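K.L.:
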Amino acid sequence: MAIAECLQILAVFIFMLLLSHWIWNNAISPVTNWPVVGMLPGLLYKAPHIHQYATQLLKQSGGTFEFRGPWMIQSMIKDNKFQLFLERSMREKVTKGLIPVLQHVSRLGISVDLQDLFQRFTFDNICLLVLGFDPNSLSVDLPEVAYKTAFDDVEEAVFYRHIVPESIWKLQKWLNIGQEKKLSMATSIIDNFLEQCISSKKEEVRRRNKAQKLQVQEKEEEDYDLITACIEEEEMDDEETKSSKNSDKYLRDIGFNFIAAGKDTVNAALTWFSG
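Letter by letter, the sequence shown follows residues 15 to 289 in my numbering.
(1) Which residues mark the beginning and the end of the alpha helix (DSSP H) in which Leu71 is found?
(2) Could you check where the alpha helix (DSSP H) with Tyr174 kicks off and where it finishes?
(3) Considering Ser153, what are the terminal residues of the alpha helix (DSSP H) in which it resides?
(4) In the DSSP assignment, the alpha helix (DSSP H) including Lys184 goes from what residue to what residue?
(5) In whole angstroms, give me the CA-to-CA distance for Ser181 and Thr201.
(6) Compute the beta-carbon to beta-carbon distance between Val144 and Ile28, rounded to the nearest angstrom, for a pair I have assumed lies under 8 Å.
(7) Output needed for His118: all residues of its chain with C-beta closer than 8 Å, excluding positions within five of it in sequence on either side, in chain order.
(8) Could you tell me the boundaries of the alpha helix (DSSP H) in which Ile113 lies?
(9) Measure the C-alpha to C-alpha separation of Leu112 and Asp167 and round it to an integer number of angstroms.
(10) Within a Cβ cutoff of 8 Å, which residues of the same chain sit near Ala171, ignoring the five residues on either side of it in sequence?
(11) Let me confirm a value: Thr242 is counted as buried when at least 16 other C-beta atoms fall within 10 Å, else exposed. Which label applies?
(12) Only counting the same chain, and skipping five residues up and downstream in sequence, which positions put a Cβ closer than 6 Å to that of Lys10?
(13) With a cut-off of 8 Å, do at least 3 Cβ pairs link the stretch 276-285 to the stretch 125-136?
(14) Just to confirm, is the Cβ distance from Gly146 to Lys215 under 8 Å?
(15) Check for me: the alpha helix (DSSP H) holding Gly269 runs from which residue to which?
(16) Could you tell me if Asp127 is buried or exposed, where buried requires 16 or more neighbouring beta carbons within 10 angstroms of its beta carbon?
(17) Any idea if Leu142 is buried or exposed, counting beta-carbon neighbours within 10 angstroms, 16 or more meaning buried?
(18) Can you give the Cα-Cα distance for Leu208 and Asp237, rounded to whole angstroms?
(19) Is Phe147 helix, strand or coil by DSSP?
(20) Rounded to the nearest angstrom, how far is the Cβ of Lys263 from that of Phe165, given a contact under 8 Å?
(21) Is the beta carbon of Ile203 closer than 8 Å to that of Phe270?
(22) What are the boundary residues of the alpha helix (DSSP H) that Ser103 is part of?
Next comes the structure, spelled out in structure tokens:
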């Protein structure tokens, strides 16, 4: 009986210790970091005024703020397989993509836009990490990649919406002209691109799972991108909870958001560093 009481007291003590630690961390943070869902509720609550809210956060945190999202996304990014894939894909893109292009232009003595090269470098990398697909936009012939251009068109159209009156861009959207027409066409190109990648990844995961059931040895270094992680998580769900239609849209939205967020961030830093 005494042992049971001691265990109960110990459990209460540990719970209070963890609770106080959580309260202390959130007291010094401008955004509450909830268990499992992270800081997402606070972000959604402030969504109507996201730009003012982001400015306030950056001021309070000295210009750098670590956003902690839902547990599932955090666990995927910190997964050891993803970290190894990140290191390998980045190294290969530098040695087999960026360096050969720089050597090529140096040997021919031609001028090149470094910002364009770094943009291609980061776009290829983020597509690899999110979709497990290499667009190969960074090659010696510097090809025009339709879906890469489409992402740029989307960003330009969204920026345009912020600098013109709402009535103007809504009228353009209704008439399907100007930037709104470009946005519609670019969105269609991106959706088709993401759907093809997701469909291919789903087939690859099913084939891999079937091979594992048949005890067929797979290659040692397999790709483990974010979409693959999401699909594998979905494959473990019960059949009753699966909805392929909703799943495809969910995966497409994840792919779009991560690519849009990651394709220009490193590019800006590399361009500044090389300037």
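No residue lacks a Cβ here, since even glycine has one placed at the ideal position from N, Cα and C.
Just so it is clear, the structure is predicted and the values come from calculations on it, not from any experiment.
P.N.:
Taking the definition as stated:
(1) Reading the sequence shown from its first residue, position 57 is the one you call residue 71. Ile64 to Gln74 is the span of the alpha helix (DSSP H), which, as asked, contains Leu71.
(2) By 1-based counting over the sequence shown, the position of residue 174 is 160. Residues Ala160 to Ile177.
(3) What you label residue 153 is simply residue 139 of the sequence shown in a count that begins at 1. Counting along the chain, Ser153 falls outside any alpha helix (DSSP H), and DSSP gives it neither H nor E.
(4) Indexing the sequence shown from 1 puts residue 184 at position 170. First-last of the alpha helix (DSSP H) with Lys184: Glu180 to Leu189.
(5) The count along the sequence shown starts at 1 and reaches residue 181 at position 167. The count along the sequence shown starts at 1 and reaches residue 201 at position 187. Looking at the two C-alpha atoms, the distance is approximately 21 Å.
(6) The residue given as residue 144 occupies position 130 in the sequence shown. The residue given as residue 28 occupies position 14 in the sequence shown. The Cβ separation is near 39 Å, so there is no contact.
(7) Stepping through the sequence shown from its first residue, residue 118 is reached at position 104. Excluding residues within five positions, the ones whose Cβ falls inside 8 Å are Val154.
(8) Here the question's residue 113 lines up with position 99 in the sequence shown. Counting along the chain, the alpha helix (DSSP H) containing Ile113 begins and ends at Ile113 to Leu122.
(9) In the sequence shown, the residue the question calls residue 112 occupies position 98. In the sequence shown, the residue the question calls residue 167 occupies position 153. Those two C-alpha atoms are separated by around 24 Å.
(10) As a position in the sequence shown, residue 171 is number 157, starting the count at 1. So the list reads Gln193, Glu194, Lys196, Leu197 and Ala200, once near-sequence residues are dropped.
(11) For the purposes of this step, residue 242 is taken as residue 228 along the sequence shown, with counting starting at 1. The residue is buried, with at least 16 neighbouring Cβ atoms inside 10 Å.
(12) Past the boundaries of the shown model lies residue 10; the chain is included only from 15 to 289, so the question cannot be answered.
(13) yes
(14) As a position in the sequence shown, residue 146 is number 132, starting the count at 1. As a position in the sequence shown, residue 215 is number 201, starting the count at 1. Contact: yes.
(15) By one-based count along the sequence shown, residue 269 stands at place 255. Unbroken alpha helix (DSSP H) run through Gly269: Ser258 to Gly276.
(16) The residue labelled residue 127 in the question sits at position 113 within the sequence shown. Per the 10 Å Cβ criterion, exposed.
(17) Here residue 142 corresponds to residue number 128 of the sequence shown, with the count starting at 1. Answer is buried; the Cβ neighbour count reaches 16.
(18) Position 194 of the sequence shown, counted from the start, is the residue given in the question as residue 208. Position 223 of the sequence shown, counted from the start, is the residue given in the question as residue 237. Approximately 17 Å between the Cα atoms of the pair.
(19) By 1-based counting over the sequence shown, the position of residue 147 is 133. Coil, per DSSP.
(20) Working through the sequence shown from its first residue, we reach residue 263 at position 249. Working through the sequence shown from its first residue, we reach residue 165 at position 151. Actually they are not in contact, since the Cβ atoms of Lys263 and Phe165 sit about 19 Å apart, beyond 8 Å.
(21) For this step, residue 270 is matched to residue 256 along the sequence shown. For this step, residue 203 is matched to residue 189 along the sequence shown. For Phe270 and Ile203, no; Cβs fall outside 8 Å.
(22) Here residue 103 is taken as the residue at index 89 of the sequence shown, counted from 1. Note, Ser103: alpha helix (DSSP H), Asn94 to Lys107.
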